[in-house]
Structures are given as C-alpha cells and as structure tokens.
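Residue numbers (our numbering): -4 to 387. All C-beta atoms, glycine included, are put in the ideal place defined by N, C-alpha and C. To keep things clear, I will list the structure first and then write my remarks on it.
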C-alpha cells in the first residue's frame, strides 16, 4: 500500500523524544520554547505560541482578534472544516469566498466583489482566513490591500505551508497578516504527532494568545489585578483553554525542524517528476504561481472527465484497489450537512464545487521511493489511457 502522506521518524527524532520523556518535564518544560524559536527562525515572525493542534491555534487566534457574536468570519470552501469552525466556536457567523481556478486558493477578485456587496449590506467580515492550499500561498498582497480598505483582520491558515515562500520571503512572517497558523499533524510537512502553532508580530496578540492557550492563567505580575500573595500565586485574568503542547511533542518538533528545508525540497523534486511523467494524460496538473515557492504538502491532479470513459469515483477507486491510497482534498465545507443546515447549498461556490468533482491527491511525502512513485505513475497512466475516448 502506498499512502498519500506519511510522516518520517528518524532515530534522531526517537532519541530527542526519549530524552524529553526521561527528563523532569513532560509538559511546560524547555522543549516548547525551543520549538517555538526554531519555527520563528524559519518563518521570520516575532512571537510564536505552540498549541496542541492547528484547530486550537485558529480558535485562540480568532479570540485574540476579538471575534464574537454578531461578527463574520470569511474563509474558503476548499479547506478542512476547522478553517470555518473556528469562527463558530466564537459565536460568529461564517461565510465563504470562492476559489481561483488555477491555484485553488481563495480568489482575491471574488473577495473584492463579495466585500463590495457586504459593505452595502453592513455585513463586512471581522476576520478573513485565507488558506494556503497544498502549501501554495494565497495572493496575500492583494488580500492585505483589501483588508486595509475594508477593515478586516487576517489569519493565514498555513497548515500546509511551513517551509514555503511568498514573494521570496518565508510564509509565516506575517507581513500581510495579523496571525499565521501552522499544523504539525503526521501528514504535514513536519510533525509533532498532533500540534499546531500561532505566530505573530504583535506583542499584544502574543500576550493574549499565551493566556488563551493555558486557562487564561498568568504568573506575570504586570497582568494581575492586585499584588501577588507569594511565589505560589497566579491569577485567572481571562477565560482560556487547555491547549498547551507537551514537551514530548515539542522535542519531536525541534528535531524535525532540522530537516524542514530538505523535506520541502524533496517534495518539489517528487512533484517535478510527476509533472514530467504525467503531462500527456487527460488530467490538469497543479499550477504554481511564479511569486510562490510552495510547501508542496499536496500534489493534486484534476481529471479531464470529458476525455475519459470513467467517472471521478471510478478512477479514485481503481487507484485505491491497486494499493495506491489516494485522497481528496477537500469536500467543499459549505456542502457539509452541518453547514447546509445553516442555509448553504450546492451551487453557492461553483469553482470549489467543480474542483471537488475532478480532484485527486496523489501520494507525496519525502520518503516516497522512486519505485513507489513509478508505480503510482504507471497505474494512473494505465487507468486513464485505457479509458480515453476514441478520438475521431
């Protein structure tokens, strides 16, 4: 079986976790700040707050920016549900902006059109969550320009994108956003088992994020409302959550970060091999914007269904039956039953829906062997070439 994604755990990783496991701190020890500093060094932001998942990071990012009841959060329909759910957690309402047909990211032109209408209806978003789908950054300069005109805050969902670049600068530097969120789930670029991180350049937001990830509790005297009773003293000054990352997870992250650049480079090498070998098939290959260097989390093809005799599902199942565990990223969020109960329906975001009807994520991870990739290419080629419509 060839999975679409797989973590790479080395002996160095195992040794790092074992050292943390046999130390005196399994949580709230030195490994978390070390991991935060490693990520900051890679992405160029000022502050980092590690948490137990990217979903948690999105949640507290929304809270730190003041999202609440009566507010709107907008995001893309082509994402995992967490990018939208984080708004609902805060009591806000959620809406979507359709995708660009080339990058599959949130489309700035669609965003501008929607903002014009929303301003007339007094329903402008408080927060926009652009998602760097597959690791390719959104057009953040254009999005940021619109945020200055219409007054919304920006949380970059960079769950797929650590190690990537936008306009030759690292994704996560928050040049065009208030907060950026990373994921360290096992299939992501690097892993901590589960885990996430929020990075920002704002000391005020960092202070708020720090409170929210740990019950709203502080031991910092300048945040307290009255003098300390003694060295044991702490105060709860906000309503926070138990979203902390453990030292075991962070130790794995510190070790994995040493291979970040090589991991992303290997993903690009594999993607180039796919590009070379799949070019004559009835599929649309991923397009990369010249301003971007993708984290290359996913390699997504789109079937040109008008040229083949199989359905989308039949091609997908044929690959899986051959032992190639392809996946589909993503089912448009607005088509989920929970969101349809809110009033969303098929046809609301046609580009995202068309993408979903054609997309398949092929295996892509640093330890994918040449033999395995050849198997993927040969199997896909056989399935599609044998099923192409006869050309008159």
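The beta carbon of residue 160 lies closer than 6 Å to those of 288 in the same chain, with the five residues before and after it left out. Straight-line spacing of the CA atoms in residue 15 and residue 157 works out to 24 Å. Closest option to residue 181, judged by alpha-carbon separation, among 277, 194, 154, 204: 154. When C-alpha distances from residue 145 are compared across 115, 130, 169, the shortest belongs to 115.
Three or more Cβ pairs drawn from the stretch 40 to 49 and the stretch 187 to 204 lie within less than 8 Å of each other, which places the two stretches in contact. CA-to-CA, the gap between residue 315 and residue 340 works out to about 30 Å.
The beta carbon of residue 313 sits closer than 6 Å to the beta carbons of 378 from its chain, once the five residues preceding and following it are set aside; these are given in chain order.
Nearest Cα to residue 82 within the set 148, 380, 177, 57: 57. Within the stretch 284 to 341, the complete beta strand (DSSP E) segments at least 3 residues long are 294 to 298, listed from N- to C-terminus.
By the neighbour-count criterion, in which 16 or more other beta carbons inside 10 Å mark a residue as buried, residue 95 falls on the buried side. Out of 363, 269, 331, 281, the CA that lies nearest to the CA of residue 376 is found in 269. Each of 30, 372, 18, 352 was checked against the Cα of residue 267, and the nearest Cα belongs to 372. The beta carbon of residue 22 sits closer than 7 Å to the beta carbons of 239, 241, 242 from its chain, once the five residues preceding and following it are set aside; these are given in chain order.
When DSSP states are grouped into helix, strand and coil, residue 242 belongs to the helix group.
Secondary structure note for residue 148: its beta strand (DSSP E) is the uninterrupted segment 148 to 152. A Cβ-Cβ separation of about 7 Å places residue 138 in contact with residue 149 under the 8 Å criterion. When the beta-carbon positions are compared, residue 245 and residue 26 come within less than 7 Å of each other. Listed in chain order, the beta strand (DSSP E) elements of length 3 or more contained wholly in the stretch 349 to 383 are 354 to 357. One Cα belongs to residue 79, the other to residue 49, and the distance between them is close to 13 Å. DSSP places residue 189 in the coil class of the three-state scheme, outside both helix and strand. Annotated three-state conformation of residue 124 is strand, per DSSP.
Between residue 192 and residue 34, the C-beta spacing is below 7 Å. Comparing alpha-carbon positions, the option among 147, 258, 69, 66 lying closest to residue 2 turns out to be 258.
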